[in-house]
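So for the sequence shown, numbering that gives the first Met the number 0 puts the first residue at 0; every next one is plus one.
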Amino acid sequence: MTRARSTGGMDGSSLTGPVLITGGAGFIGTNLADRLLRQGRRVIVFDNLSRRGVEKNAEWLSKQHGDRLQVEVGDTRDARAISRVARTVTQVFHFAAQVAVTTSLVDPVHDFEVNARGTLNLLEALRDRRDPPSLVFTSTNKVYGDLDDVDLDVIDSRYAPRDPHLRAYGVNETRCVSFHSPYGCSKGAADQYVLDYARTFRLPATVFRMSCIYGPHQCGTEDQGWVAHFLIQALKGKPITVYGDGLQVRDVLYVEDLVDAFLLAHAHIDVAAGEAFNIGGGPGNTTSLVELLDRIEALHGERPDVEFDVWRAADQRYYVSDTRKFRDATGWRPKADLARGLRALYEWLTEAHARPEPALETRTFAS
Ligand SMILES: NC(=O)c1ccc[n+]([C@@H]2O[C@H](COP(=O)([O-])OP(=O)(O)OC[C@H]3O[C@@H](n4cnc5c(N)ncnc54)[C@H](O)[C@@H]3O)[C@@H](O)[C@H]2O)c1
């Protein structure tokens, strides 16, 4: 794939119509909406507010940006509602999802309806447009399964792959998809539909297979958003349950870097369309769960109590994104290192934690 000329600046200045963000009141949606609104774009947030705490994000965005922001409380399972809202927009980010493996095991049908059917509803709405807007869809590293064929060593407090190439660069997009868990299946199906609508119907659509994202506005729970969840538990003085041995490794990406990547994907949609990209902090931003606890202890001055439990379904012992394909296509590189990003999230949570409203409930959110 060759790098092409950008079709729009990172400042979004070449586009005037509104941007649609499904799931836009969620963690990632709020950060993206804030950036776009600060750039002067108009944004439509389409969200059913089913995740606990996200109504606070929508309120915060409205307070910051007034009537440049339109909040539509709606559900992607409602094909007519999504079609109506997609009619006039010039760019789309599709984030609305049932976001956790754990809750997909409790209600696989709900998970399918939101993740697979909801995505198909959006794709059909875009296919109806004479001049379809560009689309970025947020898929997941879970489409690669549990990677149990990867030979690992334990080195100090983490797993490390024996294969030196994998150790140096991480997992790239040539890896075969292998859907594990209902969540893996529903997001994987959506991922493949987006790629196929790009291929078959020429939709300018691209897929981000994302690793762990963290940052302000994250309502992290035990089910999803573990970096924020660990910090919230530390702030509340509550114990953390680590599933497995805690040596599992992830690459973590600060949300502002992800927002940069989203804007670049739209700007370079001519080369990004029809492609899937692994997006994460990459080999330079990895941590095991127990290593993150060490960092939290240094930051917070106290180590949270930890309980260990059995491995969870479909958990990967090692996942690090090889992001070179996206870098080569767009020039993107993550800028925030983990120490700086973790401090920013800690400070945001400390402030949010001090507010009287229960914005940081860690209860499993409603389906
Ligand atoms: N955060 C991560 O680490 C991560 C990693 C990989 C992939 N992703 C994907 O990125 C996207 C955004 O994740 P996030 O962390 O911001 O999650 P989030 O839960 O904070 O945001 C998702 C939003 O979607 C809304 N929503 C859920 N079902 C809906 C429906 N049927 N109709 C309309 N809105 C609905 C929720 O209310 C919530 O505001 C998701 O698709 C997720 O699967 C996230």
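Even glycine gets a Cβ: it sits at the ideal position worked out from N, Cα and C.
| request: Might you give, ordered along the chain, the residues of its own chain that have their beta carbon closer than 7 angstroms to the beta carbon of Leu104, omitting 5 neighbours on each side? | output: By 1-based counting over the sequence shown, the position of residue 104 is 105. Contacts found: Ser180, Pro181, Ala312.
| Through-space distance from Thr240 to Leu252, alpha-carbon basis | Stepping through the sequence shown from its first residue, residue 252 is reached at position 253. Stepping through the sequence shown from its first residue, residue 240 is reached at position 241. Straight-line spacing of the CA atoms in Leu252 and Thr240 works out to 22 angstroms.
| field | Three-state secondary structure (DSSP) of Phe207 | value | For the purposes of this step, residue 207 is identified with residue 208 of the sequence shown, where counting begins at 1. DSSP, read as helix, strand or coil, puts Phe207 in strand.
| Three-state secondary structure (DSSP) of Asp74 | Taking the sequence shown and counting its residues from 1, one reaches residue 74 at position 75. The answer is coil: DSSP assigns Asp74 none of H, G, I, E or B.
| field | Cβ-based neighbour list, Leu36, same chain, cut-off 8 angstroms, excluding 5 preceding and 5 following | value | On the sequence shown, position 37 is the one that residue 36 refers to. Cβ neighbours of Leu36 beyond the five flanking positions: Val42, Leu60, Gln63, His64, Arg67, Leu68.
| said: Quick check: what's the CA-CA separation for Asp127 versus Val88? | reply: Position 128 of the sequence shown, counted from the first residue, corresponds to residue 127. Position 89 of the sequence shown, counted from the first residue, corresponds to residue 88. Annotation: Asp127 to Val88 spans about 13 angstroms, alpha carbon to alpha carbon.
| Given a threshold of 16 other Cβ atoms within 10 Å of its Cβ, counted over all protein chains shown, does Ala353 qualify as buried or as exposed? | Residue mapping note: residue 353 aligns to position 354 of the sequence shown, counting from 1. With fewer than 16 other Cβ atoms from the protein chains shown falling within 10 Å of its own Cβ, Ala353 counts as exposed.
| query | Where does Ala293 sit, in a helix, a strand or coil, going by DSSP? | reply | Counting from 1 along the sequence shown, the entry for residue 293 is found at position 294. Checking the sequence, you will find Asp at residue 293 rather than Ala. Asp293: helix per DSSP, three-state reduction.
| message | Helix, strand or coil for Ser177? Go by DSSP, reduced to three states. | response | What you label residue 177 is simply residue 178 of the sequence shown in a count that begins at 1. Coil, per DSSP.
| message | Could you tell me the alpha carbon to alpha carbon distance between Asp269 and Gly283, rounded to whole angstroms? | response | Mapped onto the sequence shown, residue 269 falls at position 270. Mapped onto the sequence shown, residue 283 falls at position 284. Asp269 and Gly283: Cα-Cα distance of roughly 28 angstroms.
| field | Asn120 and Ala85 closer than 7 angstroms at C-beta | value | What you label residue 120 is simply residue 121 of the sequence shown in a count that begins at 1. What you label residue 85 is simply residue 86 of the sequence shown in a count that begins at 1. Their beta carbons are not under 7 angstroms apart, which means Asn120 does not touch Ala85 by this criterion.
| said: Is any non-hydrogen atom of ligand 1 found closer than 6 angstroms to the C-beta of Arg385, if you look at the structure I gave you? | reply: Because the chain here runs from 0 to 366, residue 385 falls outside it and cannot be looked at.
| query | For Glu296, which residues from the same chain have a beta carbon less than 7 angstroms from its beta carbon, with the 5 sequence-adjacent residues on both sides left out? | reply | Start at 1 with the first residue of the sequence shown, and residue 296 comes out as number 297. Excluding sequence neighbours, Glu296 sits near Arg302.
| Cβ of Met209 less than 7 angstroms from any chain B Cβ? | Here there is only one protein chain, and chain B is not present.
| field | Range covered by the beta strand (DSSP E) that runs through Val305 | value | Within the sequence shown, residue 305 is the residue found at index 306, counting from 1. From DSSP, the beta strand (DSSP E) with Val305 extends over 305-308.
| query | In whole angstroms, what separates the C-alpha of Ala335 from that of Phe26? | reply | As a position in the sequence shown, residue 335 is number 336, starting the count at 1. As a position in the sequence shown, residue 26 is number 27, starting the count at 1. For Ala335 and Phe26, the distance between alpha carbons rounds to 18 angstroms.
| said: Restricting to Cα atoms, I'd like to know which of Ala227, His267, Asp250, Val248 is closest to Trp331. | reply: Here residue 331 refers to the residue found at position 332 when the sequence shown is read from its first residue. Measuring from the Cα of Trp331, the nearest candidate turns out to be His267.
| task | For Arg51, name the three-state secondary structure that DSSP assigns. | result | If you number the sequence shown from 1, residue 51 lands on position 52. Here Arg51 sits in coil by DSSP.
| Should Pro17 go down as buried or exposed, given a rule of 16 or more other Cβ atoms within 10 Å for buried? | Numbered from 1 along the sequence shown, position 18 holds the residue referred to as residue 17. Classification of Pro17: buried, given that the 10 Å Cβ count is 16 or more.
| query | Once you ignore the five residues that flank Asp145 on each side, which residues in its own chain have a CB closer than 7 angstroms to its CB? | reply | On the sequence shown, position 146 is the one that residue 145 refers to. Result list for Asp145: His179, Ala313, Asp314, Gln315, in chain order.
| With a CB to CB cut of under 7 angstroms and the five nearest residues on each side skipped, what residues in its chain are close to Thr349? | Within the sequence shown, numbered from 1, the residue matching residue 349 stands at position 350. Counting only Cβ-Cβ distances below 7 angstroms, and skipping sequence neighbours, we find Leu234.
| query | Using the C-alpha atoms, what's the distance from Leu263 back to Gly52? | reply | As a first step, residue 52 is located in the sequence shown; it is residue number 53 there, counting from the start. As a first step, residue 263 is located in the sequence shown; it is residue number 264 there, counting from the start. Spanning the two alpha carbons is a distance of roughly 29 angstroms.
| said: For Arg166 and Pro160, I'd like the C-alpha separation in whole angstroms. | reply: Looking up residue 166 in the sequence shown gives position 167. Looking up residue 160 in the sequence shown gives position 161. One C-alpha to the other measures close to 5 angstroms.
| query | Taking Cβ to Cβ, would you say Val206 is nearer than 7 angstroms to Asp190? | reply | Residue 206 sits at position 207 when you count from the first residue of the sequence shown. Residue 190 sits at position 191 when you count from the first residue of the sequence shown. For Val206 and Asp190, yes; Cβs fall inside 7 angstroms.
| task | Answer with buried or exposed for Gly300, where buried requires no fewer than 16 other C-beta atoms within 10 angstroms of its C-beta. | result | Position 301 of the sequence shown, counting from 1, holds the residue named residue 300. Exposed: under 16 other Cβ atoms inside 10 Å.
| task | Consider the C-beta atom of Arg50 and the heavy atoms of ligand 1; say whether any pair is separated by less than 6 angstroms. | result | In the sequence shown, the residue the question calls residue 50 occupies position 51. Yes, the Cβ of Arg50 comes within 6 angstroms of a heavy atom of ligand 1.
| Which residue spans inside the segment 99-164 form an unbroken alpha helix (DSSP H) run of at least 4? | 100-105, 107-111, 117-126
| said: What does the Cβ neighbour count give for Lys237, buried or exposed, with the cut at 16 atoms within 10 Å? | reply: For the purposes of this step, residue 237 is taken as residue 238 along the sequence shown, with counting starting at 1. Answer is exposed; the Cβ neighbour count stays below 16.
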